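Asks: To start, I am sharing the structure in question, which I have written as structure tokens.
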Amino acid sequence: MVRMGCEDKSNPFMLRGRVPPLETYLLKTLLTVPSLGETKAQALLLKFKSLINICNASLEDLTKVIGASSAQQVYNFFHSC
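Residue numbers for the sequence shown, in our numbering: 55 to 135.
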């Protein structure tokens, strides 16, 4: 039997490339907050470590990390429901 030289031996069910780290998804989620840039979003993640902790943070705690105006935006975003 003759084998074709152009056969694709890759497994179509295997993931291609690396899966981005969880921090990438957390950062992208935080960037949906209006007027919150990447630098301040990263600062929040460094300080609070998770979205739950950011959601539960007081306005005062948020202000210490990203300033009053941005903190108010983040606080309103997570407490507007």
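All C-beta atoms, glycine included, are put in the ideal place defined by N, C-alpha and C.
If you're wondering where the values come from, they're calculated on a predicted model, not measured in any experiment.
Counting only the same chain and skipping the five closest in sequence on each side, list residues whose C-beta sits under 7 angstroms from that of Lys94.
Replies: Locating residue 94 in the sequence shown gives position 40, where the first residue counts as 1. The residues are Ile120 and Ser124.
Asks: Taking the alpha-carbon of Ser134 as reference, which of Asn110, Glu114 and Arg72 has the nearest alpha-carbon?
Replies: Your numbering for residue 134 matches position 80 in the sequence shown. Comparing Cα positions, the closest option is Asn110.
Asks: When the distance is taken between beta carbons, is Leu113 closer than 8 angstroms to Gln126?
Replies: For the purposes of this step, residue 126 is identified with residue 72 of the sequence shown, where counting begins at 1. For the purposes of this step, residue 113 is identified with residue 59 of the sequence shown, where counting begins at 1. Cβ atoms of Gln126 and Leu113: closer than 8 angstroms.
Asks: How would you label Leu85, buried or exposed, when you count the other beta carbons within 10 angstroms and need 16 or more for buried?
Replies: Residue numbering aside, residue 85 sits at position 31 when the sequence shown is read from its first letter. By the C-beta density criterion, Leu85 is exposed, having fewer than 16 other C-beta atoms within 10 angstroms.
Asks: Are Phe132 and Pro88 touching if we call contact CB-CB under 8 angstroms?
Replies: Within the sequence shown, numbered from 1, the residue matching residue 132 stands at position 78. Within the sequence shown, numbered from 1, the residue matching residue 88 stands at position 34. No.
Asks: Following the continuous alpha helix (DSSP H) through Leu113, name the residue where it begins and the one where it ends.
Replies: Numbered from 1 along the sequence shown, position 59 holds the residue referred to as residue 113. Counting along the chain, the alpha helix (DSSP H) containing Leu113 begins and ends at Leu113 to Ile120.
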